[in-house]
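Protein chains in written order, with the numbering used here: chain W, 2 to 267; chain E, 1038 to 1306.
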């Protein structure tokens, strides 16, 4: 499953890092989430054209690609916000069927834009989420670490964009999820908060939590990502560790290597 | 699935609770109640008495309740888009979220109408009109439910906020204003034919007409409508006719709601 899901579609500009490290990979635990052949059309526009993906446990997978390459649609399809037209998604080895919602109890999501019901406070939003999962233990340590304690009882409309983004981060980590999806997580966060969030990501990683990250900040990706998925025009053009991409393109810096992929694909 | 945590079937309840709290703090529900309170109070002060107040109020309710429910419902759903996305990333079924949002809007709107109109009636001593008032408020609540359902249908149908608001306004114009004109034209053009049955059918096809017929018959003013009025009275005045009217109004709640829910299920957020 791991290797199959990792192999790029035949239209790939670049082959995958070859299977020579396959032996090492098969020793890894099975991925927490896989997607095979995801297709999504909006009207006549095909946004995802057969995307394969595997998110390893304890690994940070970064989805990169130019604007409009399908990153957000891919993330939303994995979460069930967008219904794929074709393809298959598994979570923890079981297939996710349309209408399945239970797997989302083990997924944390930090959307790009932090918007909440404006008249509620952060404390009330967290309470609402806890009310939706009464059986689970909530963990609000991230809210405290991000310095939200003093902001918990103010209406969300009065909070700055960055502070709301912190609430968003606290929401994503609330239930010790097995997979955390972070859509441009540090955009809008101050460096201290971004540092706290990154520390938390690393700490959770050692517990086996998987991360799916989209970001435009190459530095952040270099710092965090164990695996890269490069998406262009709805197809995966590269999937593998950053080092493999550097070796493949002969570029030392990730930004250059991705630019190399992009121009080669055009 | 190995995932053992089931999605709470009662997930609609917390959503509803938070939508209600949002409505109260957002001040729009109290304002809406205050508006009806002011109108009703003014009608009592400046017009003759009970029945006249009731008739004026009937027209205000029949025009404004659909407009406010439609525009407000559409605007609210577009505004709640990010919240809907956040909720849908939780282990909550779309049906539960939909029910929570709908109930969270319906309850404050209906309560604002009932309190806003009912309280002035109470302090002006309109006890003699308690029966008709109860039916007016009942019809108002049903209209709120029907037009909120239509608002949800419009909001899930149009991706673009301005298009959605435009469609809501057009829908209101059609049902509240244009429809009566068309009915009148039909009546005029076919004046030489017996029109009672077609007229009854036409009244059934519009929730506002339905509510109006139901309430006018209550006031014994049907005689003013001439022969058609007599036919209306014969039809709608019976228990069977009232039941059918009520059923048709409920259909105007259920049908758009079912269609909206179906679209909500399939929608990409």
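For every residue, glycine included, the Cβ atom is placed at its ideal position computed from N, Cα and C.
One or two residues paired with residue i in a DSSP bridge
i                      : result
residue 37 of chain W  : W/89
residue 181 of chain W : W/109 and W/212
residue 46 of chain W  : W/43
residue 236 of chain W : W/233
residue 96 of chain W  : W/91
residue 65 of chain W  : W/231
residue 55 of chain W  : W/35
residue 135 of chain W : Looking at the DSSP assignment, residue 135 of chain W forms no beta bridge with any residue, so it has no partner.
residue 122 of chain W : W/156
residue 241 of chain W : W/229
Minimum Cβ-Cβ distance from residue i to chain E less than 8 Å
i                      : result
residue 26 of chain W  : Its pLDDT being 49, under 50, residue 26 of chain W is placed unreliably by the model, and the measurement read from it follows with that caveat. It does not: the Cβ of residue 26 of chain W has no partner Cβ on chain E nearer than 8 Å.
residue 253 of chain W : no
residue 117 of chain W : yes
residue 143 of chain W : no
residue 125 of chain W : yes
residue 23 of chain W  : Confidence at residue 23 of chain W is low in this model, with a pLDDT of 42, below 50, so the placement of that residue should be treated as unreliable; the coordinate-derived value is given next. So, not an interface residue.
residue 49 of chain W  : no
residue 248 of chain W : no
residue 105 of chain W : yes
residue 138 of chain W : no
residue 112 of chain W : yes
residue 170 of chain W : no
residue 263 of chain W : no
residue 52 of chain W  : no
Buried versus exposed call for residue i [16 or more other C-beta atoms within 10 Å across all chains shown]
i                       : result
residue 23 of chain W   : Below a pLDDT of 50, predicted positions are generally treated as unreliable, and residue 23 of chain W, at 42, falls in that range; the measurement from the model is reported next regardless. Answer is exposed; the Cβ neighbour count stays below 16.
residue 1152 of chain E : buried
residue 63 of chain W   : buried
residue 98 of chain W   : exposed
residue 1096 of chain E : exposed
residue 235 of chain W  : buried
residue 1102 of chain E : buried
residue 220 of chain W  : exposed
residue 135 of chain W  : exposed
residue 1219 of chain E : exposed
residue 72 of chain W   : buried
residue 192 of chain W  : exposed
residue 1231 of chain E : exposed
residue 166 of chain W  : buried
residue 1215 of chain E : exposed
residue 223 of chain W  : exposed
residue 44 of chain W   : exposed
residue 46 of chain W   : exposed
Cutoff 8 Å: residue i Cβ touching any chain W Cβ
i                       : result
residue 1078 of chain E : no
residue 1229 of chain E : no
residue 1067 of chain E : no
residue 1072 of chain E : no
residue 1063 of chain E : yes
residue 1055 of chain E : yes
residue 1089 of chain E : no
residue 1058 of chain E : yes
residue 1169 of chain E : no
residue 1145 of chain E : no
residue 1217 of chain E : no
residue 1112 of chain E : no
residue 1197 of chain E : no
residue 1297 of chain E : no
residue 1186 of chain E : no
residue 1194 of chain E : no
Check whether the segment 1106–1123 of chain E touches the segment 49–69 of chain W, counting contact only when three or more Cβ pairs, one atom from each stretch, lie closer than 8 Å. Three or more Cβ pairs closer than 8 Å define a contact, and the segment 1106–1123 of chain E falls short of that threshold against the segment 49–69 of chain W.
Check each residue of the segment 61–91 of chain W: if its Cβ is closer than 8 Å to any Cβ of chain E, include it; give the result in chain order. 77, 80, 81, 82, 83 and 84
Do the segment 1044–1060 of chain E and the segment 1131–1138 of chain E make contact, defined as three or more Cβ pairs closer than 8 Å? yes
With a cut-off of 8 Å, do at least 3 Cβ pairs link the segment 1283–1297 of chain E to the segment 1118–1128 of chain E? no
Inspect the CB distances between the segment 48–59 of chain W and the segment 227–242 of chain W and report whether three or more fall short of 8 Å. yes
Can you confirm whether the segment 78–85 of chain W touches the segment 146–159 of chain W when touching is taken to mean that 3 or more C-beta pairs between the two stretches lie within less than 8 Å? The way I'd put it, the segment 146–159 of chain W doesn't touch the segment 78–85 of chain W; fewer than three beta-carbon pairs between them come closer than 8 Å.
Per the contact definition of three or more C-beta pairs closer than 8 Å, is the segment 123–134 of chain W in contact with the segment 212–223 of chain W? No, they do not touch.
Specify whether the segment 109–116 of chain W and the segment 177–196 of chain W touch according to this definition: at least 3 beta carbon pairs, one from each stretch, less than 8 Å apart. yes
Spell out a yes or no on whether the segment 1058–1075 of chain E and the segment 1196–1207 of chain E are touching, meaning 3 or more CB-CB pairs, one atom from each, closer than 8 Å. no
May I ask you to list, following chain order, the residues of the segment 1233–1248 of chain E that have a beta carbon less than 8 Å from some beta carbon of chain W? none
Should the segment 1214–1231 of chain E be called in touch with the segment 1079–1093 of chain E, which here means at least 3 C-beta pairs below 8 Å? no
Take every Cβ of the segment 1273–1280 of chain E, pair it with every Cβ of the segment 1165–1174 of chain E, and state whether three or more of those distances are shorter than 8 Å. These segments do not touch.
Counting Cβ pairs, one atom from each stretch, are 3 or more of them under 8 Å apart for the segment 194–202 of chain W and the segment 163–181 of chain W? With a cut-off of 8 Å, the segment 163–181 of chain W and the segment 194–202 of chain W count as touching, because enough Cβ pairs lie within range.
Would you check if there are 3 or more beta carbon pairs closer than 8 Å linking the segment 1239–1250 of chain E to the segment 1177–1185 of chain E? Yes, the segment 1239–1250 of chain E touches the segment 1177–1185 of chain E.
Examine the Cβ distances between the segment 232–249 of chain W and the segment 199–209 of chain W and report whether three or more of them are shorter than 8 Å. Not touching, per the Cβ criterion.
Taking a Cβ distance cut-off of 7 Å, strictly less, list which residues of the segment 182–210 of chain W are near chain E, in chain order. Per Cβ criterion, the list is empty.
Chain-ordered residues of the segment 1269–1280 of chain E with a beta carbon less than 8 Å from chain W: Within the segment 1269–1280 of chain E, no residue places its CB atom closer than 8 Å to a CB of chain W.
Are three or more beta carbon pairs between the segment 1191–1204 of chain E and the segment 1114–1123 of chain E nearer than 8 Å? yes
Members of the segment 1123–1137 of chain E near chain W, C-beta cut-off 7 Å: 1123, 1125, 1126, 1127, 1128, 1129 and 1130
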